[in-house]
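Protein chains: 2
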Amino acid sequence: MYPSSLQALIEAFRTLPGVGEKTAERYALMIAEQPHEETERFAQALLNVKDNLHRCSVCGNLTDGEQCGICKDTDRNHRQIFVVQSPKDVLAMEKTSEYNGVYHVLNGLISSSKGVMPEDLNLQGLLERAKDADEVILATSATMDGETTAMYLDRLLKKECPGILVTRIAHGLPAGGMLDYADEITLSHALSDRKTM
Amino acid sequence: MYPSSLQALIEAFRTLPGVGEKTAERYALMIAEQPHEETERFAQALLNVKDNLHRCSVCGNLTDGEQCGICKDTDRNHRQIFVVQSPKDVLAMEKTSEYNGVYHVLNGLISSSKGVMPEDLNLQGLLERAKDADEVILATSATMDGETTAMYLDRLLKKECPGILVTRIAHGLPAGGMLDYADEITLSHALSDRKTM
Numbered sequence: 419m420y421p422s423s424l425q426a427l428i429e430a431f432r433t434l435p436g437v438g439e440k441t442a443e444r445y446a447l448m449i450a451e452q453p454h455e456e457t458e459r460f461a462q463a464l465l466n467v468k469d470n471l472h473r474c475s476v477c478g479n480l481t482d483g484e485q486c487g488i489c490k491d492t493d494r495n496h497r498q499i500f501v502v503q504s505p506k507d508v509l510a511m512e513k514t515s516e517y518n519g520v521y522h523v524l525n526g527l528i529s530s531s532k533g534v535m536p537e538d539l540n541l542q543g544l545l546e547r548a549k550d551a552d553e554v555i556l557a558t559s560a561t562m563d564g565e566t567t568a569m570y571l572d573r574l575l576k577k578e579c580p581g582i583l584v585t586r587i588a589h590g591l592p593a594g595g596m597l598d599y600a601d602e603i604t605l606s607h608a609l610s611d612r613k614t615m
Numbered sequence: 419m420y421p422s423s424l425q426a427l428i429e430a431f432r433t434l435p436g437v438g439e440k441t442a443e444r445y446a447l448m449i450a451e452q453p454h455e456e457t458e459r460f461a462q463a464l465l466n467v468k469d470n471l472h473r474c475s476v477c478g479n480l481t482d483g484e485q486c487g488i489c490k491d492t493d494r495n496h497r498q499i500f501v502v503q504s505p506k507d508v509l510a511m512e513k514t515s516e517y518n519g520v521y522h523v524l525n526g527l528i529s530s531s532k533g534v535m536p537e538d539l540n541l542q543g544l545l546e547r548a549k550d551a552d553e554v555i556l557a558t559s560a561t562m563d564g565e566t567t568a569m570y571l572d573r574l575l576k577k578e579c580p581g582i583l584v585t586r587i588a589h590g591l592p593a594g595g596m597l598d599y600a601d602e603i604t605l606s607h608a609l610s611d612r613k614t615m
């Protein structure tokens with residue numbers, strides 16, 4: 419129904435996560451109406467990402483260089499490794515400005531339902547790095563796959579790097595969270611991990 | 419914080435309507451992880467739209483050719499013109515399969531708040547086409563700007579094309595709409611435009 423060039427763009431937008439037909443139409447029509455240079459800049463931004471972006475050779479985070487800015491930063495504590503699922507989690511943590519160690523990005527979680535096995539994750543580098551580290555903080559999500567991965571890593575790290583401190587981020591009520599809206603698992607974590615005031 | 423190529427893509431996605439930082443991040447990270455060819459196809463789809471898409475010389479709808487498919491279709495009734503704000507509205511109406519006339523796309527609505535004047539709209543072509551038409555159906559939205567535009571067009575058409583039939587699409591309760599959720603204006607339209615059963 420739409421002209422074929424517009425239809426092709428609508429279909430391209432539909433491949434983005436969470437974008438349905440209506441949203442893709444809205445995006446494509448905005449592109450159709452914007453100045454030529456802006457669309458060229460957009461297309462160039464897409465291609466640049468594919469040309470320049472790759473995994474940091476140390477931690478697996480996304481970077482334009484050979485190593486990411488965090489791994490290259492000598493002011494950070496390289497003996498403390500914060501293990502996360504994806505580059506998004508690194509950014510979320512960096513926004514807190516509370517952490518001065520380094521990261522390790524697994525690029526996935528062990529998942530029986532999705533068929534992701536430990537060998538599909540960025541693990542080899544982690545074991546080598548952990549040998550020179552004081553602490554590995556397991557910061558995978560509080561989901562089934564996140565917990566499975568954390569348990570697997572805990573066992574693996576303690577076996578391969580005896581004496582290393584392996585910690586897990588705290589679980590409990592989120593900031594602003596109300597008890598009557600929290601699910602049972604969150605509440606039972608909040609109870610079992612309670613602290614003396 | 420993100421590598422600069424990724425940050426540039428996030429900013430490109432943020433120019434899309436309704437896309438905030440989180441969503442743009444999600445889109446950009448998906449692009450970062452997809453195969454190279456798919457991103458190239460996406461970039462090409464963007465550029466193709468700018469190279470090929472323009473306004474139909476007759477009705478103002480978007481088309482890859484000189485005239486749009488509807489204006490070229492000799493099986494349609496070219497003496498009945500359905501006037502809409504944007505190309506999206508043409509598609510919405512075509513999906514009903516209930517209309518066999520042609521369209522005229524204004525590419526905007528008269529709006530005092532946005533400073534859009536009648537001369538900013540695709541009106542000249544409409545007056546010329548209306549001279550050969552039997553009916554002009556005003557199908558601008560049931561918003562303030564839509565009503566203003568419809569009233570303006572009604573007066574203009576009756577002045578320039580004496581004897582032409584100018585109609586306005588019906589206003590009332592939408593399909594599936596419940597009385598207690600409908601606003602006062604919708605309800606008063608539904609009452610004043612009631613039909614004998």
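Chains A and B supply the protein sequences, listed in that same order. Going by my numbering, the first residue of the first sequence is number 419, and it counts up by one from there. Going by my numbering, the first residue of the second sequence is number 419, and it counts up by one from there. Cβ coordinates follow ideal geometry from the N, Cα and C atoms, glycine included. Nothing here was measured: the structure is a model prediction, and the numbers come from that model.
| Item | Value |
| --- | --- |
| Assumed close pair A:Cys-477, A:Val-534 - CB separation to whole angstroms, cut-off 8 Å | Rounded, the Cβ-Cβ distance is 19 Å, inconsistent with contact. |
| Any C-beta of chain A under 7 Å from that of B:Thr-558 | no |
| Contact set for B:Asn-470: own chain, Cβ-Cβ below 7 Å, skip 5 residues either direction | Asp-482 |
| Cβ neighbours of B:Leu-545 in the same chain (closer than 6 Å, five flanking residues each side left out) | Glu-578 |
| Under 7 Å between C-beta atoms of A:Asp-563 and A:Leu-524 | no |
| Inter-stretch contact at 8 Å, needing at least 3 Cβ pairs: the segment 433 to 442 of chain A / the segment 419 to 426 of chain B | no |
| A:Tyr-445 - DSSP class collapsed to helix/strand/coil | helix |
| Continuous alpha helix (DSSP H) assignments of at least 4 residues falling wholly in the segment 478 to 519 of chain B | 487 to 490 and 505 to 512 |
| For B:Ala-548 and B:Phe-431, the rounded distance between their alpha carbons | 41 Å |
| Minimum Cβ-Cβ distance from A:Val-467 to chain B less than 7 Å | yes |
| Sufficient close CB pairs (3 or more, under 8 Å) joining the segment 505 to 514 of chain B to the segment 455 to 472 of chain B | no |
| Exposure of A:Pro-421, with buried meaning 16 or more beta-carbon neighbours within 10 Å | buried |
| Neighbourhood of B:Glu-484 by C-beta, 7 Å cutoff - its chain only, sequence neighbours within 5 removed | Ser-475 |
| Rounded straight-line distance, which links the Cα of A:Pro-592 to that of A:Ala-450 | 42 Å |
| Backbone secondary structure at A:Ile-603 - three-state DSSP | helix |
| DSSP beta-bridge partners of A:Ala-584 | What sits at residue 584 of chain A in the sequence shown is Val, not Ala. Beta-bridge pairing links A:Val-584 to A:Val-554. |
| Cβ of B:Thr-604 within 7 Å of any chain A Cβ | no |
| 7 Å Cβ cut-off: residues of chain B touching A:Arg-444 | Pro-435 |
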